[in-house]
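Quick note on numbering: the sequence shown equals residues 375 to 567 in the numbering used here. Note that beta-carbon positions come from the ideal geometry of N, C-alpha and C, so glycine has one too. One structure below.
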Amino acid sequence: MPINKFWYIIPVAVVLLVIWFWSSEKDDGLIEEVDEIESSELNQSDSDQRNETSNVIMVDVKGEVERPGVYEMREGQRVIDVIEQAGGLTSSADQTSVNLAMLLADEMVIYVATINDQQPQQVETMNESNKIRINVADIDELTQIPGIGEQKAKAIIQYREEHGYFNSAEDLLNISGIGKKTLERIQEFIMVP
């Protein structure tokens, strides 16, 4: 009989071993799955923190606001948002001096003028190196001259092709559409030989 008992023990032992191996593999998979989830959550939070810091911009607000200073803002916000952070406009602020709908940019300076501030005229004074040489300028260069549009630029080039180079700025008076007043306005922006 001892041999008959032996045959019962072997299948029971095999079944127990199979169950034990199967459950240990399942636990290892569960542990690996938990490790993967934790790892992905950590990576997600790291990337979220990086995105938060990369979206932070610094904006300097000056002039007629309640609390001028440098403000930490987020990309995509607008000038109105930083002005609200600065306590809003003062009663003497000129609301037309700033575009409240403009998107903010890093290192931006926003100056809110007072109602009584005189706006400086934006007249460019040009030195010899950045004057337009009318004897060699193309249409794009000529249209950079204040008061010279595409049609007048074409007329200047046509005149130059038909009559040769300009000898003086006064030769521009021979072109239709350019009179004495126009010549006075453009003279500081052009160079003749």
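Do you know whose CA, among the options, lies nearest residue i's CA?
i, options, result
"asparagine 473", "Lys555, Ala460, Val453, Ala467", "Val453"
"lysine 526", "Pro520, Ala460, Gly551, Asn504", "Gly551"
"glycine 521", "Val430, Phe540, Thr556, Glu515", "Thr556"
"isoleucine 431", "Gly437, Ile531, Phe540, Asp480", "Asp480"
CA-CA distance, residue i and residue j?
i, j, result
"valine 439", "isoleucine 489", "13 Å"
"threonine 464", "glycine 553", "47 Å"
"glycine 523", "tyrosine 445", "42 Å"
"methionine 325", "arginine 441", "No information on residue 325 is available, as it lies outside the stretch 375 to 567 that the chain covers here."
"isoleucine 564", "arginine 448", "45 Å"
"aspartate 468", "glutamate 558", "34 Å"
"valine 486", "alanine 511", "40 Å"
"lysine 528", "isoleucine 508", "12 Å"
"glutamine 561", "threonine 517", "14 Å"
"leucine 478", "glutamine 451", "6 Å"
"alanine 475", "valine 456", "11 Å"
"valine 566", "glutamate 458", "52 Å"
"glutamate 544", "valine 433", "49 Å"
"leucine 547", "serine 466", "48 Å"
"phenylalanine 395", "asparagine 429", "51 Å"
How is residue i classed by DSSP in three states: helix, strand or coil?
i, result
"leucine 463", "strand"
"leucine 477", "strand"
"aspartate 434", "strand"
"arginine 559", "helix"
"valine 472", "coil"
"isoleucine 506", "strand"
"tyrosine 445", "strand"
"tyrosine 533", "helix"
"tryptophan 489", "It is isoleucine, not tryptophan, that sits at residue 489 in the sequence shown. Coil."
"valine 453", "helix"
"isoleucine 564", "strand"
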